[in-house]
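Student: Starting off with a structure, shown below.
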């Protein structure tokens, strides 16, 4: 598995699928740069920006279970709310399983309470990706608490 970072919440995963190398883009950057085609595109926000990928990509932006090219993906509903503001929107965190590696990408969320139901959907995590920065994302203390609850092998 190869993980590449484009910007704050935008990543590229290259994972061996059933018959080929599968490229997954997470939150493709909307800054106009041209990206190589992706097999799967994951959007953590339910209202994605302009597509920066080809029309042939399989796009996922909702909670649910998906399987494509031998890769299993779980979309998990999460909260997206600036600290101190009472309105919120819903985003998706994504669990990706391929090559015997289970990765959980929390996305652009500041939901710190990951006990119970949401975690039961994903099971044991090998790699946890947690954007940290406060306001729209978890702050450092909240991220530390989430890491303790999830207990991944690698952060």
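Numbering (my numbering), first residue to last: 173 to 327.
Idealized CB from N, CA, C, for every residue including glycine.
(1) Below 8 Å on the Cβ atoms is my guess for residue 189 versus residue 243; work out the distance and round it to an integer in Å.
(2) Where do the ends of the alpha helix (DSSP H) carrying residue 316 lie?
(3) Nearest by alpha-carbon distance to residue 191: which of 247, 325, 211, 234 is it?
(4) Taking the C-alpha atoms as reference points, what is the distance between residue 316 and residue 250?
(5) Run the CB neighbour count on residue 302, radius 10 Å, all protein chains shown included, and call it buried at 16 or more, exposed below.
(6) Got a sec? Which residues, its chain only, sit under 6 Å from residue 326 by beta carbon, not counting five neighbours each side?
(7) Alpha carbon to alpha carbon, how far is residue 216 from residue 272?
(8) Hey, could you find the ends of the beta strand (DSSP E) residue 188 is sitting in?
(9) With 16 as the cutoff for other CB atoms within 10 Å, does residue 236 come out buried or exposed?
Tutor: Looking at the coordinates:
(1) 6 Å
(2) 312–322
(3) 211
(4) 18 Å
(5) buried
(6) 299
(7) 23 Å
(8) 183–188
(9) exposed
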